[in-house]
Amino acid sequence: MRVLVAGAHWELIGGSERHTQDVSQALARAGHEVSVMADEPAEEQRGEPTAITTRRESGRPTLVSVPGCAAATPLGPAARRALSALLDEFRPQVILALVARNAEVLSTLMDAAPLVRFVQDHVPFCPGGNKTLQGGRPCVQPAGVRCLFTALLGAGCAGLRGPRGPALARTFAQWRRSARDLACLRRTAHLLVASEYMASELRAVGCRRERITLLPYFTNAATPLNSAADGPVSQDSRAAPDPPLILTPARLTLPDKGVDYLLTALAKLRSPFRALICGDGPARAWLEQKARDEGLAERVQFAGWCSSQELERHYAQAAIVAVPSMWNEPFGIVGIEAMAHGLPVVAFDVGGIPAWLHPGKTGSLVPRGDTVAFAAALDELLADGDLRRRYGAAGQKRVTAEHRPARHLESLVALLAQAATGQVPGTGPAGDAG
Numbered sequence: 003m004r005v006l007v008a009g010a011h012w013e014l015i016g017g018s019e020r021h022t023q024d025v026s027q028a029l030a031r032a033g034h035e036v037s038v039m040a041d042e043p044a045e046e047q048r049g050e051p052t053a054i055t056t057r058r059e060s061g062r063p064t065l066v067s068v069p070g071c072a073a074a075t076p077l078g079p080a081a082r083r084a085l086s087a088l089l090d091e092f093r094p095q096v097i098l099a100l101v102a103r104n105a106e107v108l109s110t111l112m113d114a115a116p117l118v119r120f121v122q123d124h125v126p127f128c129p130g131g132n133k134t135l136q137g138g139r140p141c142v143q144p145a146g147v148r149c150l151f152t153a154l155l156g157a158g159c160a161g162l163r164g165p166r167g168p169a170l171a172r173t174f175a176q177w178r179r180s181a182r183d184l185a186c187l188r189r190t191a192h193l194l195v196a197s198e199y200m201a202s203e204l205r206a207v208g209c210r211r212e213r214i215t216l217l218p219y220f221t222n223a224a225t226p227l228n229s230a231a232d233g234p235v236s237q238d239s240r241a242a243p244d245p246p247l248i249l250t251p252a253r254l255t256l257p258d259k260g261v262d263y264l265l266t267a268l269a270k271l272r273s274p275f276r277a278l279i280c281g282d283g284p285a286r287a288w289l290e291q292k293a294r295d296e297g298l299a300e301r302v303q304f305a306g307w308c309s310s311q312e313l314e315r316h317y318a319q320a321a322i323v324a325v326p327s328m329w330n331e332p333f334g335i336v337g338i339e340a341m342a343h344g345l346p347v348v349a350f351d352v353g354g355i356p357a358w359l360h361p362g363k364t365g366s367l368v369p370r371g372d373t374v375a376f377a378a379a380l381d382e383l384l385a386d387g388d389l390r391r392r393y394g395a396a397g398q399k400r401v402t403a404e405h406r407p408a409r410h411l412e413s414l415v416a417l418l419a420q421a422a423t424g425q426v427p428g429t430g431p432a433g434d435a436g
């Protein structure tokens with residue numbers, strides 16, 4: 003098949019971009035002709051340089067720049083010409099929209115070929131972008147006119163406000179843009195989600211149940227899944243730093259990623275530990291100061307942005323992975339990456355995380371924002387190597403059974419083929435999310 007992958011960025015920013023890279027490369031290796039639409043030119047993409055090409059080659063996806071396609075604002079003339087040229091030249095049989103969010107782009111794509119949209123975050127159905135109220139509390143109401151009242155008169159929306167409080171013109175413009183995005187989402191015939199939580203969010207805003215298909219993410223982490231000759235990376239075979247290392251890969255943004263809550267929990271630990279926080283973002287300086295204020299400067303290291311290879315090395319040294327997200331994570335790819343490495347996970351019980359984290363089997367789920375419970379779960383694992391090994395082994399088995407690249411790709415290709423031939427979505431091996 004000729005598959006156009008509509009992304010936003012090729013560079014590795016977070017889980018969604020990693021998924022774009024992995025899927026594009028897997029489809030190309032499987033023999034499909036793959037073009038990837040991204041915002042920036044190839045030379046500005048901070049991804050793996052050998053993973054993609056700007057010239058069509060067998061077995062590799064082709065990167066095509068459409069400047070502005072990742073922005074929420076209308077496309078300029080140059081971007082429209084670039085998009086039209088891409089569609090005329092490539093003539094896709096089916097389009098897979100992964101991180102694409104521009105309603106004008108998506109509408110143009112839907113008119114050009116059957117479109118399958120993987121909804122990976124809250125942006126298509128939330129004017130604020132992350133379903134979060136002021137102070138970090140989750141928003142539970144579906145998008146609509148009530149969002150304006152919440153932003154301007156109610157609890158306050160974390161994403162619908164200006165730098166000095168609600169900015170009326172900006173708030174209305176953002177809400178109108180979100181209404182267009184939502185209308186585009188509702189008319190999309192094929193919607194994929196990675197968790198039942200996301201399926202429920204789509205149903206709540208009026209997307210038809212039969213158009214939604216559940217397709218959990220996969221991981222290419224260095225485990226038997228893609229390195230069978232090396233065997234599993236387990237708690238028994240890995241190097242064991244003393245004291246044990248707690249690893250947290252996360253963007254340093256607030257309030258969504260919850261690294262401030264993690265630092266509060268780390269300050270309560272009774273067991274010896276070291277912690278490594280991999281990621282960057284606008285809250286880094288504030289979080290580094292908080293670590294010093296909590297007396298953690300000697301035990302907590304901020305590593306900044308890490309490449310995939312660097313993360314692999316950090317996973318190999320870790321004893322536990324902490325996922326302190328406070329927002330409703332759509333899925334949380336970092337969790338299955340940790341489990342693929344034979345690591346137990348401690349996380350807040352939010353969003354799609356319960357889709358992969360089974361408390362008492364592969365790690366611990368604690369109530370959102372409860373730093374005392376988070377610290378207790380970490381202390382339990384720090385003090386009990388046998389428990390870490392048992393949880394880690396169970397997590398590896400779960401990833402092997404449910405999150406293999408081959409399984410995901412097989413289901414995705416079947417869904418894309420159904421869409422390309424006009425068949426009803428959700429009748430293939432991945433199944434209905436309703």
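Residue numbers (the working numbering): 3 to 436.
Ideal placement from N, C-alpha and C gives every residue a C-beta, glycine not left out.
Only a predicted model underlies this, so the values are computations on that prediction, with no experimental measurement involved.
- In the three-state DSSP reduction, residue 39 falls in the strand class (E or B).
- Under DSSP, residue 120 takes part in a beta bridge, and its partners are 194.
- With the rule of 3 Cβ pairs closer than 8 angstroms, the region 258-277 counts as touching the region 288-307.
- According to the DSSP assignment, residue 390 belongs to the alpha helix (DSSP H) that extends over 387-404.
- Looking at the DSSP output, residue 59 shares a beta bridge with 62.
- If you draw a 10 Å sphere on the C-beta of residue 127, you find 16 or more other C-beta atoms in it, and that means buried.
- The Cβ neighbour count for residue 151, taken over all protein chains shown within 10 Å, is under 16; the residue is labelled exposed.
- When the beta-carbon positions are compared, residue 352 and residue 331 come within less than 7 angstroms of each other.
- In this structure, residue 9 keeps its C-beta atom at 7 angstroms or more from the C-beta atom of residue 89.
- Excluding its 5 nearest sequence neighbours in each direction, residue 375 has C-beta neighbours in its own chain below 8 angstroms: 368, 369, listed in chain order.
- Between residue 358 and residue 344, the C-beta gap is not smaller than 7 angstroms, which leaves the two residues out of contact.
- One alpha carbon belongs to residue 288, the other to residue 259, and they sit about 14 angstroms apart.
- Residue 138 carries a helical assignment under DSSP once its states are collapsed to helix, strand and coil.
- Under the three-state reduction of DSSP output, residue 305 falls in the strand class.
- Looking at 371, 131, 170, the one whose alpha-carbon comes closest to that of residue 261 is 371.
- Sequence-distant partners of residue 405 (beyond 5 residues in either direction) whose C-beta falls short of 7 angstroms from its own C-beta, in its chain, are 218, 219, 220, 221, 338.
- Inclusion of residue 125 and residue 148 in the CB contact set at 7 angstroms is not warranted, their separation being larger than that value.
- Taken through DSSP and simplified to helix, strand or coil, residue 207 comes out as coil.
- Taking 8 angstroms as the upper bound for CB-CB distance, residue 349 and residue 362 are not in contact here, some 13 angstroms apart.
- About 7 angstroms separates the Cβ atoms of residue 69 and residue 84, confirming a contact at the 8 angstroms cut-off.
- In this structure, the beta-carbon distance from residue 119 to residue 173 does not fall below 7 angstroms.
- Spatial neighbours of residue 329 in its own chain (CB-CB distance under 6 angstroms, excluding positions within 5 residues in sequence) are listed in chain order as 132, 134, 258.
- Beta-bridge pairing by DSSP links residue 67 to 40.
- In this structure, the straight-line span from the alpha carbon of residue 82 to that of residue 74 is close to 14 angstroms.
- In terms of CA proximity to residue 318, 394 leads the group 205, 40, 394.
- Relative to the Cα of residue 378, the nearest Cα in the group 324, 403, 333 belongs to 324.
- Nearest to residue 123 by C-alpha distance, out of 414, 422, 187, 291, is 187.
- If you draw a straight line from the Cα of residue 399 to the Cα of residue 184, it is about 38 angstroms long.
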